[in-house]
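Asker:
Residue numbers (this note's numbering): 3 to 618.
(1) For residue 2, I'd like the list of residues in its chain whose CB is within less than 6 angstroms of its CB, leaving aside the five on either flank, ordered along the chain.
(2) Out of curiosity, what's the CA-to-CA distance linking residue 4 and residue 206?
(3) Whose C-beta lies closer than 6 angstroms to the C-beta of residue 289 among residues of the same chain, with five residues either side of it excluded?
(4) Would residue 434 count as contacting chain C if we go by Cβ distances under 8 angstroms?
(5) So the alpha helix (DSSP H) residue 517 belongs to, where does it begin and stop?
(6) From this set, 594, 227 and 396, which residue's C-alpha is nearest residue 507's C-alpha?
(7) In the DSSP assignment, find the unbroken alpha helix (DSSP H) run with residue 253 in it and report its ends.
(8) In three-state DSSP terms, what is residue 73?
(9) What is the DSSP secondary structure of residue 19, reduced to helix, strand or coil?
(10) I'd like the ranges of any beta strand (DSSP E) spanning at least 3 consecutive residues and lying wholly in the region 448-507.
(11) Give the DSSP-derived three-state secondary structure of residue 617 in the structure shown.
(12) Tell me, please, whether the region 262-273 touches the region 559-569 by the rule of three or more beta-carbon pairs shorter than 8 angstroms.
(13) Taking buried to mean at least 16 other C-beta atoms within 10 Å of its own C-beta, is residue 348 buried or exposed?
(14) When we look at the beta-carbon of residue 135 and count the other beta-carbons within 10 Å, is it buried (16 or more) or exposed?
(15) What residues match up with residue 609 in a beta bridge as DSSP calls it?
(16) With DSSP collapsed to three states, give me the class of residue 121.
(17) Around the Cβ of residue 542, are there at least 16 other Cβ atoms within 10 angstroms (buried) or fewer (exposed)?
(18) Determine whether the beta carbon atoms of residue 1 and residue 471 lie at a separation below 8 angstroms.
(19) With DSSP run on the structure shown, which of helix, strand or coil describes residue 6?
(20) For residue 93 and residue 219, I'd like the C-alpha separation in whole angstroms.
(21) Taking all protein chains shown into account, do 16 or more other C-beta atoms lie within 10 angstroms of the C-beta of residue 424, making it buried, or fewer, making it exposed?
(22) If we ignore side chains and look at the alpha-carbon of each, how far apart do residue 373 and residue 477 end up?
(23) Could you spell out the range, first to last residue, of the beta strand (DSSP E) harbouring residue 350?
(24) Could you have a look at residue 587 and say whether DSSP puts it in helix, strand or coil?
(25) Assuming the contact rule is C-beta atoms closer than 8 angstroms, residue 598 and residue 589 should be a hit. Round their C-beta distance to whole Å, please.
(26) Could you round the C-beta distance between residue 190 and residue 50 to whole angstroms and report it? I think they count as a contact, below 8 angstroms.
(27) Can you tell me the Cα-Cα spacing of residue 7 and residue 148, whole angstroms?
(28) Considering only residues of the same chain and omitting the five flanking positions on each side of residue 469, which have a CB-CB separation below 7 angstroms?
(29) As a quick exercise: from 45, 197, 115 and 142, pick the residue whose alpha carbon is nearest that of residue 579.
(30) Which value, in whole angstroms, describes the spacing of the CA atoms of residue 119 and residue 161?
(31) So which of 39, 339, 389 and 170 has the shortest CA-CA distance to residue 297?
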């Protein structure tokens, strides 16, 4: 059989003020019917441009300047359709786009209209392509929601995107893409923004739907763990050129090109040796001065004691009875000075809420946070005036999204100097400190006059780290600091954070759903589920001997780049975060908070209250 999609010598050029830029250099690859081709590479390698060219949705500044995109979806036709030769907005291309070729985008919240229900948005595809009535579209949409695993397909018809979790939004996108049963599905980083258990469920769903529909998938990703568990074939792009391709087992077991070898070395993985470092493709030349760490407190720098936080939510869009959500439930944690505490769990487990309470961006309903700057523990919620001002200086935050966390109207110099100006540093000192901060994160001080849009994602995250370091803090709260970055840049940032900690004596509270990242960075790990800590241990003990079923489920859901450890999709049921479904002695009934029990030195796990009483 002929390939479903055959790209031949495809060239894509962009127009810019600096002159033309070639994004794809004579790219050739094929996607076979019923198989998954993974397109792998760093940001800027040309992966998304390839997808946009296939669907003819390239930006206005880009154009196809050479080659063919041959699509053989119409089996009745004598020859394949050359998509590259079709008018982008012509009737033939509109029939293919969304009909025979569909696409799942990386971030569902920006791709779904907030003004329309997801039922309307999914049904619209059917009405446009088939002329179906509203009733027919609603019936087919309900079927599509059921196929992709919505718990209540009928209710989903009338649900808005903001009312859904990230996983359900992505399922809605998949339903929209597959309602016309396309021959080819283009999935552009479909699970990057999801936590590991939700990611595993989406991957299992795509695998099942591919088998049921016999469709081909072009999977665009930088996650080699996803590639190892999803792909039949692999194609590796580097700066718009195909550098390696072939069957998955051959390419991943015996990578031939140095670029792919370097990508594999840059991926955080379980079982790394103590002191072993990731190997980024392009090491950063950071110049980090060594700080005197003799003033570090002898005891914990941060203690979280029995923190509880509830939120009151209204029911429905037009009022109704309010309901209370328990976001953080009786959480206690300890962070030793100069070490890293990793906080892991699914989206909605309470990790970010707890980090905001530590920052005093939220006030807890009960409990307290103690911080020791070297003069003794102080209750953070009791601070005011100069004491609170000093705490704001000593504890800084690094945000998840490097694109949204920097003001696009400010130069990098203004971004770095702003916190120093607020805290009263003199102008000459601010200028010198800004240059020093750029060198500390491996950036050229000559870039200080540039605006954020002139930097890559990894460079922007370095700027975010530099801003957090501007006031010489003692504690950094890192909220998913590398989840928006590809693996090579991720390795640079993680190594940089390790080097900064060693030289400056920093303490880290790192919040993440990427367990491999936490394994690389943390000394101690706490696992959160439904607002509670369910297991806490040194990282070696936690990964070698996970005791709680939720912890084991998280570890089992991590896609491993090794072909020798495939995901067991049949074991991913979605019940792992339901405390009432946990086996004894971990099961928690309604109103049962359970108690933390020591099972080894420094290793504690939550048991149900009834089980704990029986054991006592």
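Ideal Cβ positions, reconstructed from N, Cα and C, are used throughout, including at glycine.
Answerer: Once the coordinates are examined:
(1) No statement about residue 2 is possible, as the shown extent of the chain runs from 3 to 618 and does not include it.
(2) 28 angstroms
(3) 441
(4) Here chain C cannot be found, since the structure has a single protein chain.
(5) 517-523
(6) 396
(7) 250-255
(8) strand
(9) coil
(10) 477-481
(11) Low confidence applies to residue 617: its pLDDT is 49, below 50, so where it sits in the model is not reliable, and the reading given next is rough at best. In this structure, residue 617 counts as helix in the three-state DSSP scheme.
(12) yes
(13) buried
(14) exposed
(15) 597
(16) helix
(17) exposed
(18) Outside the shown range of the chain, which is 3 to 618, sits residue 1, and nothing can be said about it.
(19) coil
(20) 24 angstroms
(21) exposed
(22) 10 angstroms
(23) Element bounds for residue 350: n/a, residue is neither H nor E.
(24) coil
(25) Contact flag wrong, Cβ pair sits at about 15 angstroms.
(26) 6 angstroms
(27) 29 angstroms
(28) 417, 418 and 421
(29) 197
(30) 5 angstroms
(31) 339
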